[in-house]
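Input: a single structure, listed below in C-alpha coordinates.
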Amino acid sequence: FKRKSVKPGKIVTQIPPPYNVRAYVRALLNTPYAKRAHLLLATTSNRSGLNRFLLGSFAETLLLTCHKPLLFFASAGKVPTSIKTIIFPTDFSDESFRAFKICVKRAAALKAKVLLFYAVNQKTFDSKLTKRYLEEKALTDKWVLWAEKSGVRITPVIEAAPENPATALIHFAVKKKVHLIVMASVSSPVEVILAGSTTRQVVRQAPVPVWIIPPGN
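Just so we're aligned: the sequence shown equals residues 768 to 984 in my numbering.
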(Lines of atoms letter the chains of each structure in order from A; the text may use other names.)
(Lines give C-alpha, C1' and ligand atoms only; values in the text may rest on other atoms or scores of the structure.)
Protein backbone atom coordinates (compact mmCIF):
# COMPACT_ATOMS: atom_id res chain seq x y z
CA PHE A 768 0.00 0.00 0.00
CA LYS A 769 2.98 2.27 -0.27
CA ARG A 770 4.64 3.41 -3.44
CA LYS A 771 7.75 1.24 -3.71
CA SER A 772 9.65 -0.47 -6.49
CA VAL A 773 8.34 -3.98 -7.09
CA LYS A 774 10.43 -6.82 -8.43
CA PRO A 775 9.03 -8.74 -11.42
CA GLY A 776 7.02 -11.78 -10.37
CA LYS A 777 7.28 -15.34 -11.56
CA ILE A 778 5.07 -18.43 -11.75
CA VAL A 779 5.59 -20.50 -8.62
CA THR A 780 2.99 -23.22 -9.15
CA GLN A 781 0.79 -24.36 -12.01
CA ILE A 782 -2.18 -26.75 -12.09
CA PRO A 783 -2.89 -28.14 -15.58
CA PRO A 784 -6.45 -28.72 -16.87
CA PRO A 785 -8.86 -30.09 -15.87
CA TYR A 786 -8.90 -27.37 -13.24
CA ASN A 787 -9.27 -28.42 -9.63
CA VAL A 788 -9.83 -25.25 -7.66
CA ARG A 789 -9.22 -26.79 -4.24
CA ALA A 790 -5.99 -28.41 -5.44
CA TYR A 791 -4.86 -25.15 -6.99
CA VAL A 792 -5.46 -23.16 -3.79
CA ARG A 793 -3.86 -25.88 -1.68
CA ALA A 794 -0.78 -25.92 -3.94
CA LEU A 795 -0.58 -22.15 -3.85
CA LEU A 796 -0.78 -21.91 -0.06
CA ASN A 797 1.81 -24.67 0.37
CA THR A 798 4.48 -22.85 -1.61
CA PRO A 799 7.25 -21.21 0.44
CA TYR A 800 6.36 -17.95 -1.28
CA ALA A 801 2.81 -17.99 0.10
CA LYS A 802 3.97 -19.11 3.54
CA ARG A 803 6.37 -16.18 3.78
CA ALA A 804 3.96 -13.66 2.28
CA HIS A 805 2.36 -10.94 4.38
CA LEU A 806 -0.40 -10.42 1.81
CA LEU A 807 -1.82 -12.50 -1.05
CA LEU A 808 -3.22 -10.84 -4.18
CA ALA A 809 -5.81 -12.43 -6.45
CA THR A 810 -8.23 -11.49 -9.20
CA THR A 811 -11.91 -12.25 -9.33
CA SER A 812 -14.67 -11.71 -11.88
CA ASN A 813 -18.16 -10.26 -11.90
CA ARG A 814 -18.91 -11.75 -15.30
CA SER A 815 -21.12 -14.76 -15.94
CA GLY A 816 -20.47 -18.23 -17.30
CA LEU A 817 -17.41 -20.44 -16.90
CA ASN A 818 -15.06 -17.54 -16.19
CA ARG A 819 -17.17 -16.43 -13.25
CA PHE A 820 -17.42 -20.02 -12.00
CA LEU A 821 -13.66 -20.61 -12.09
CA LEU A 822 -12.54 -17.24 -10.74
CA GLY A 823 -15.45 -17.02 -8.30
CA SER A 824 -14.79 -20.50 -6.94
CA PHE A 825 -11.09 -19.70 -6.65
CA ALA A 826 -11.79 -16.49 -4.73
CA GLU A 827 -14.24 -18.19 -2.38
CA THR A 828 -11.95 -21.17 -1.77
CA LEU A 829 -9.06 -18.82 -1.05
CA LEU A 830 -11.32 -16.79 1.23
CA LEU A 831 -12.21 -19.92 3.22
CA THR A 832 -8.78 -21.51 3.27
CA CYS A 833 -6.24 -18.73 3.63
CA HIS A 834 -5.37 -17.31 7.05
CA LYS A 835 -3.39 -14.40 5.65
CA PRO A 836 -4.66 -11.00 4.52
CA LEU A 837 -6.09 -11.10 0.99
CA LEU A 838 -6.33 -8.35 -1.59
CA PHE A 839 -8.78 -9.02 -4.43
CA PHE A 840 -8.84 -7.11 -7.71
CA ALA A 841 -11.76 -7.24 -10.14
CA SER A 842 -10.45 -8.49 -13.49
CA ALA A 843 -12.48 -5.84 -15.31
CA GLY A 844 -11.98 -3.10 -12.72
CA LYS A 845 -9.51 -0.23 -12.51
CA VAL A 846 -6.62 -0.32 -10.07
CA PRO A 847 -6.33 3.05 -8.30
CA THR A 848 -2.98 4.82 -8.56
CA SER A 849 -3.48 6.21 -5.05
CA ILE A 850 -5.75 5.44 -2.12
CA LYS A 851 -7.45 8.48 -0.64
CA THR A 852 -10.86 7.10 0.36
CA ILE A 853 -11.42 3.77 2.12
CA ILE A 854 -14.77 2.26 3.04
CA PHE A 855 -15.06 -0.15 5.95
CA PRO A 856 -18.39 -2.02 6.29
CA THR A 857 -19.12 -3.22 9.80
CA ASP A 858 -21.56 -5.13 11.95
CA PHE A 859 -20.03 -3.59 15.12
CA SER A 860 -18.72 -6.97 16.30
CA ASP A 861 -15.47 -7.39 18.25
CA GLU A 862 -13.81 -9.10 15.28
CA SER A 863 -14.87 -6.27 13.00
CA PHE A 864 -13.42 -3.71 15.43
CA ARG A 865 -10.08 -5.54 15.45
CA ALA A 866 -9.99 -5.38 11.65
CA PHE A 867 -11.10 -1.75 11.77
CA LYS A 868 -8.08 -0.83 13.88
CA ILE A 869 -5.79 -2.39 11.27
CA CYS A 870 -7.65 -0.46 8.57
CA VAL A 871 -7.27 2.82 10.45
CA LYS A 872 -3.53 2.32 10.96
CA ARG A 873 -3.09 1.72 7.24
CA ALA A 874 -5.29 4.73 6.44
CA ALA A 875 -3.10 6.89 8.67
CA ALA A 876 0.00 5.76 6.77
CA LEU A 877 -1.71 6.56 3.46
CA LYS A 878 -3.27 9.80 4.74
CA ALA A 879 -6.62 8.48 3.57
CA LYS A 880 -10.07 9.12 4.97
CA VAL A 881 -12.32 6.25 6.10
CA LEU A 882 -16.05 5.82 5.60
CA LEU A 883 -17.47 3.62 8.38
CA PHE A 884 -20.41 1.93 6.67
CA TYR A 885 -23.37 0.22 8.31
CA ALA A 886 -26.31 -1.00 6.22
CA VAL A 887 -29.67 -1.10 7.97
CA ASN A 888 -32.23 -3.51 6.59
CA GLN A 889 -35.12 -1.26 5.64
CA LYS A 890 -37.65 -4.02 6.27
CA THR A 891 -36.41 -4.49 9.83
CA PHE A 892 -35.45 -0.93 10.74
CA ASP A 893 -37.99 1.20 8.98
CA SER A 894 -38.58 3.91 11.57
CA LYS A 895 -36.85 7.29 11.57
CA LEU A 896 -36.36 6.92 15.32
CA THR A 897 -34.30 3.75 14.91
CA LYS A 898 -32.22 5.28 12.12
CA ARG A 899 -31.53 8.40 14.21
CA TYR A 900 -30.53 6.25 17.18
CA LEU A 901 -28.07 4.29 15.03
CA GLU A 902 -26.60 7.50 13.62
CA GLU A 903 -26.07 8.93 17.10
CA LYS A 904 -24.59 5.65 18.28
CA ALA A 905 -22.15 5.59 15.35
CA LEU A 906 -21.10 9.19 15.93
CA THR A 907 -20.32 8.62 19.61
CA ASP A 908 -19.11 5.05 19.35
CA LYS A 909 -15.61 4.00 20.37
CA TRP A 910 -14.88 3.25 16.72
CA VAL A 911 -14.98 6.90 15.70
CA LEU A 912 -13.19 8.08 18.83
CA TRP A 913 -10.43 5.52 18.37
CA ALA A 914 -9.93 6.53 14.74
CA GLU A 915 -9.82 10.23 15.56
CA LYS A 916 -7.16 9.63 18.21
CA SER A 917 -5.11 7.95 15.49
CA GLY A 918 -5.36 11.08 13.37
CA VAL A 919 -7.64 9.59 10.73
CA ARG A 920 -10.63 11.46 9.36
CA ILE A 921 -13.65 9.18 9.63
CA THR A 922 -17.24 9.58 8.47
CA PRO A 923 -19.95 7.26 9.85
CA VAL A 924 -22.51 6.25 7.22
CA ILE A 925 -25.84 4.63 8.08
CA GLU A 926 -27.71 3.41 5.02
CA ALA A 927 -31.33 2.25 5.15
CA ALA A 928 -30.97 -0.31 2.39
CA PRO A 929 -33.92 -1.96 0.63
CA GLU A 930 -31.50 -4.50 -0.89
CA ASN A 931 -28.98 -6.79 0.81
CA PRO A 932 -25.97 -5.23 2.61
CA ALA A 933 -23.44 -6.24 -0.07
CA THR A 934 -25.39 -4.55 -2.85
CA ALA A 935 -25.90 -1.43 -0.72
CA LEU A 936 -22.18 -1.31 0.04
CA ILE A 937 -21.12 -1.68 -3.60
CA HIS A 938 -23.60 0.96 -4.78
CA PHE A 939 -22.39 3.38 -2.11
CA ALA A 940 -18.73 2.67 -2.88
CA VAL A 941 -19.31 3.44 -6.57
CA LYS A 942 -21.29 6.58 -5.72
CA LYS A 943 -18.54 7.93 -3.46
CA LYS A 944 -15.74 6.79 -5.79
CA VAL A 945 -13.87 4.96 -3.04
CA HIS A 946 -10.48 3.47 -3.86
CA LEU A 947 -10.49 0.50 -1.47
CA ILE A 948 -12.95 -1.65 0.47
CA VAL A 949 -11.62 -3.17 3.70
CA MET A 950 -13.53 -5.98 5.42
CA ALA A 951 -13.14 -8.44 8.27
CA SER A 952 -13.19 -12.03 7.07
CA VAL A 953 -15.34 -14.86 8.34
CA SER A 954 -13.45 -17.44 10.38
CA SER A 955 -15.02 -20.75 9.36
CA PRO A 956 -17.06 -22.44 6.59
CA VAL A 957 -20.07 -22.44 8.93
CA GLU A 958 -19.84 -18.67 9.31
CA VAL A 959 -19.65 -18.32 5.55
CA ILE A 960 -22.93 -20.21 5.22
CA LEU A 961 -24.64 -18.32 8.05
CA ALA A 962 -23.20 -14.82 7.72
CA GLY A 963 -20.46 -14.72 5.14
CA SER A 964 -22.52 -14.19 2.01
CA THR A 965 -21.91 -10.44 2.25
CA THR A 966 -18.14 -10.88 2.07
CA ARG A 967 -18.40 -13.34 -0.81
CA GLN A 968 -20.71 -11.09 -2.82
CA VAL A 969 -18.53 -8.02 -2.27
CA VAL A 970 -15.40 -9.91 -3.36
CA ARG A 971 -17.16 -11.11 -6.50
CA GLN A 972 -18.85 -7.87 -7.53
CA ALA A 973 -16.83 -4.93 -6.21
CA PRO A 974 -15.33 -2.79 -9.00
CA VAL A 975 -12.51 -1.65 -6.68
CA PRO A 976 -9.89 -3.63 -4.74
CA VAL A 977 -11.14 -5.46 -1.63
CA TRP A 978 -8.78 -6.08 1.28
CA ILE A 979 -9.90 -8.97 3.51
CA ILE A 980 -8.45 -9.13 7.03
CA PRO A 981 -8.70 -12.63 8.55
CA PRO A 982 -9.34 -13.40 12.24
CA GLY A 983 -6.32 -13.13 14.49
CA ASN A 984 -4.19 -11.40 11.85
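Note that beta-carbon positions come from the ideal geometry of N, C-alpha and C, so glycine has one too. The model shown is predicted, which means the values in this text are computed figures rather than measured ones.
Practice task
State the DSSP-derived secondary structure class of Leu883, mapped to helix, strand or coil.
Solution key: Annotated three-state conformation of Leu883 is strand, per DSSP.
Practice task
Taking 8 Å as the threshold, find out whether the region 878-889 comes into contact with the region 925-933 through three or more Cβ pairs.
Solution key: They touch, by the three-pair rule.
Problem - Coarse secondary structure for Glu930, derived from DSSP in three states - result: DSSP places Glu930 in coil when its eight states are reduced to three.
Problem - Distance, Arg967 Cα to Ser824 Cα - result: Taken atom to atom, the span from the alpha-carbon of Ser824 to that of Arg967 is near 10 Å.
Handout entry: Burial state of His805, where buried means 16 or more other Cβ atoms lie within 10 Å
Key = By the 10 Å Cβ count, His805 comes out exposed.
Exercise for the section: Output the distance between the C-alpha atoms of Ile979 and Ala874, rounded to the nearest integer angstrom. Expected result: About 15 Å.
Handout entry: Meets three-Cβ-pair contact criterion under 8 Å: the region 837-849 and the region 936-944
Key = Touching, no.
Handout entry: Integer-rounded CB distance, given that Leu837 should sit under 8 Å from Leu831
Key = So it is not a contact: roughly 11 Å between Cβ atoms.
Practice task
Tell me Phe867's beta-bridge partners as DSSP assigns them.
Solution key: Note: Phe867 sits in no beta bridge, so no partner.
Exercise for the section: Specify the secondary structure class of Phe859 as computed by DSSP and reduced to three states. Expected result: The DSSP-derived three-state label of Phe859 is coil.
Problem - Anticipated Cβ contact below 8 Å, Val945 with Ile853, distance rounded - result: About 7 Å separates the beta carbon of Val945 from that of Ile853, a gap short enough to meet the 8 Å contact definition.
Handout entry: Run of the beta strand (DSSP E) containing Val970, from where it starts to where it stops
Key = Looking at the DSSP string, Val970 is not in any beta strand (DSSP E); the run it does join, the alpha helix (DSSP H), is Ser964 to Gln972.
Practice task
Would you mind stating whether Phe855 and Val970 have Cβ atoms separated by less than 8 Å?
Solution key: Val970 sits away from Phe855, with the two beta carbons spaced by 8 Å or more.
Handout entry: Beta-carbon proximity check, Ile921 vs Ala914, cutoff 8 Å
Key = The Cβ atoms of Ile921 and Ala914 lie closer than 8 Å to each other.
Problem - Residue interval of the beta strand (DSSP E) (run including Leu806) - result: For Leu806, there is no enclosing beta strand (DSSP E), since its DSSP letter is neither H nor E.
Exercise for the section: Can you tell me which of Arg789, Ile850 and Asp858 puts its alpha carbon nearest to the alpha carbon of Ala826? Expected result: Of the listed residues, the one whose Cα sits closest to Ala826 is Arg789.
Handout entry: Ser952 burial status per 10 Å Cβ neighbour count (16 or more: buried)
Key = Buried is the call here.
Exercise for the section: Please name the residue in Thr810, Ala809 and Leu795 whose C-alpha comes closest to that of Arg803. Expected result: Nearest in C-alpha terms to Arg803, of all of Thr810, Ala809 and Leu795, is Leu795.
Problem - Beta-carbon contacts of Lys916 that lie in its chain and below 6 Å, excluding the five residues immediately before and after - result: Listed in chain order, the non-local C-beta contacts of Lys916 below 6 Å within the same chain number zero, local neighbours out to five positions each way being set aside.
Exercise for the section: State the beta-bridge partners of Pro923 as determined by DSSP. Expected result: DSSP lists Leu883 as the beta-bridge partner residues of Pro923.
Problem - DSSP three-state assignment for Thr848, whether helix, strand or coil - result: Thr848 falls in the coil class under three-state DSSP.
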